[in-house]
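Numbering (the numbering used here), first residue to last: 0 to 109.
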């Protein structure tokens with residue numbers, strides 16, 4: 000018998016919420032590590048806990064990755080749609096960066 004579908008809403012119990020955060024954070028960090036190793040992907044992940052503690056994973060230098068991301072953001076904010084399409088084609092050939100903004104999971108309504 001499989002697990003039931005988890006409803007995406009805030010967990011009311013503070014203890015249960017903290018336990019869930021801890022387990023899911025560890026799972027997310029593990030998946031990030033696995034993706035970086037298996038696919039030779041450059042990956043950076045930053046998680047802020049509800050109490051303000053910072054957890055991070057980076058397959059390379061986090062500072063360099065953040066600088067690279069900032070350059071990517073500048074390019075995507077200052078280019079025309081046609082130029083952005085050219086950049087995305089380059090990404091398909093492995094010679095660029097693709098920035099995804101406004102990601103929204105498919106299962107969530109609205």
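Built from N, CA and C at the ideal position, the CB exists for glycine as well.
CB-CB under 8 Å to residue i, same chain, minus the five flanking residues each way: which ones, in chain order?
| i | result |
| --- | --- |
| residue 10 | 16, 19 |
| residue 57 | 42, 43, 44, 64 |
| residue 27 | 44, 46 |
| residue 3 | none |
| residue 40 | 34, 58 |
Can you look up residue i in the DSSP assignment and give me helix, strand or coil?
| i | result |
| --- | --- |
| residue 55 | strand |
| residue 75 | helix |
| residue 145 | Here the chain comprises residues numbered 0 to 109, so residue 145 is not present and cannot be evaluated. |
| residue 15 | helix |
| residue 26 | helix |
| residue 50 | coil |
Look at the alpha carbon of residue i and the alpha carbon of residue j, and state the distance between them as a whole number of angstroms.
| i | j | result |
| --- | --- | --- |
| residue 23 | residue 74 | 33 Å |
| residue 71 | residue 6 | 34 Å |
| residue 66 | residue 32 | 21 Å |
| residue 60 | residue 69 | 15 Å |
| residue 54 | residue 62 | 15 Å |
| residue 21 | residue 48 | 9 Å |
| residue 38 | residue 52 | 29 Å |
| residue 1 | residue 13 | 26 Å |
| residue 50 | residue 30 | 23 Å |
From the DSSP output, which residues share a beta bridge with residue i?
| i | result |
| --- | --- |
| residue 43 | 57 |
Label residue i either buried or exposed according to how many other C-beta atoms from any shown protein chain fall within 10 Å of its C-beta, with 16 as the threshold for buried.
| i | result |
| --- | --- |
| residue 101 | Bear in mind that a pLDDT of 39 at residue 101, under 50, signals an unreliable position, so the number given afterwards is only what the model happens to contain. By the neighbour-count rule (16 or more Cβ atoms within 10 Å), residue 101 is not buried but exposed. |
Leaving aside the five residues before and after residue i along the sequence, list all residues of the same chain whose C-beta is less than 6 Å from its C-beta, in chain order.
| i | result |
| --- | --- |
| residue 124 | Residue 124 is absent from the model: the chain starts at 0 and stops at 109. |
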